[in-house]
Amino acid sequence: DGGITQSPKYLFRKEGQNVTLSCEQNLNHDAMYWYRQDPGQGLRLIYYSQIVNDFQKGDIAEGYSVSREKKESFPLTVTSAQKNPTAFYLCASTAGPAGELFFGEGSRLTVL
Amino acid sequence: ELKVEQNPLFLSMQEGKNYTIYCNYSTTSDRLYWYRQDPGKSLESLFVLLSNGAVKQEGRLMASLDTKARLSTLHITAAVHDLSATYFCAVEGDSNYQLIWGAGTKLIIKP
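First to last, the protein sequences are chains A and B. Just so we're aligned, residue 972 is where the first sequence starts under our numbering, counting upward by one. Just so we're aligned, residue 954 is where the second sequence starts under our numbering, counting upward by one.
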């Protein structure tokens, strides 16, 4: 079945550590996205990528980094520069511009 | 500033009742999306509305789009407990790769 796989589902991190969240899709979608969601809040865009080897900052890119070396994969690194990283992180993809977003199951990051 | 405003943000209602969630937006987008999120879960696509006057229905939910008024509605008919969730609307931003999201409407349906 086609879909988006995020891992890990739950992650605990000590302050000062970088962590990488994985996102893999087998939908053959060109565009991929990372969103952050805080409790009781809406979605905020961190980064997005329209094609391989290209990505753009979203509204809250500071403290995060991404890569897009393969069409299927769009990992997100939460660096120690992100001051408040505890949140629910959602990866999504679309077939192209203005397309319907398909979401992974999310990764919940907690900083201890 | 591009905005998407949902109201109400919280709604508690009884089973069997009808109600409408409103999504107002400030862009000139012709496309609007509705998503559902269950507590602690990811988002699930409900409706994609692609033009003025579009109306889509799935079970007890019906969504419509009026691009001239920059308004979409999500109507719930004879609500049942299983529809309890948070509902988000989203529209295209300046870049058609970016969506502008509403804050979400948390819907609680009591038996």
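Beta carbons: idealized from backbone N, C-alpha and C, even for Gly.
Asked, Found
"Coil, strand or helix - residue 1071 (chain B) by DSSP", "Lying before the first or after the last residue shown, residue 1071 (chain B) is absent from chain B, which here runs from 954 to 1064."
"Local conformation of residue 1003 (chain B) per DSSP, three classes", "coil"
"Which of helix, strand or coil DSSP assigns to residue 1026 (chain A)", "coil"
"Sufficient close CB pairs (3 or more, under 8 Å) joining the stretch 1057-1074 of chain A to the stretch 994-1004 of chain B", "yes"
"Burial state of residue 1057 (chain B) (16 or more Cβ within 10 Å)", "buried"
"N- and C-terminal bounds of the beta strand (DSSP E) containing residue 993 (chain A)", "990-996"
"Limits of the beta strand (DSSP E) - the one that residue 907 (chain B) falls within", "Residue 907 (chain B) lies beyond the range of chain B shown here (954 to 1064); nothing can be said about it."
"For residue 989 (chain B) and residue 996 (chain A), the rounded distance between their alpha carbons", "21 Å"
"contact_flag[the stretch 988-1004 of chain A, the stretch 1016-1027 of chain A] where n(CB pairs < 8 Å) is 3 or more", "yes"
"Close Cβ partners of residue 1064 (chain B) (< 6 Å) along its chain, the five nearest in sequence each way excluded", "968 and 1034"
"Local conformation of residue 973 (chain B) per DSSP, three classes", "strand"
"Proximity test, Cβ basis, 8 Å: residue 1085 (chain A) and chain B", "With chain A running from 972 to 1083 in the structure shown, residue 1085 (chain A) is simply not present."
"Whole-angstrom C-beta distance between residue 992 (chain A) and residue 1078 (chain A), which should lie under 8 Å", "5 Å"
"Cβ neighbours of residue 1014 (chain A) in the same chain (closer than 6 Å, five flanking residues each side left out)", "1006 and 1008"
"DSSP three-state assignment for residue 1019 (chain B), whether helix, strand or coil", "strand"
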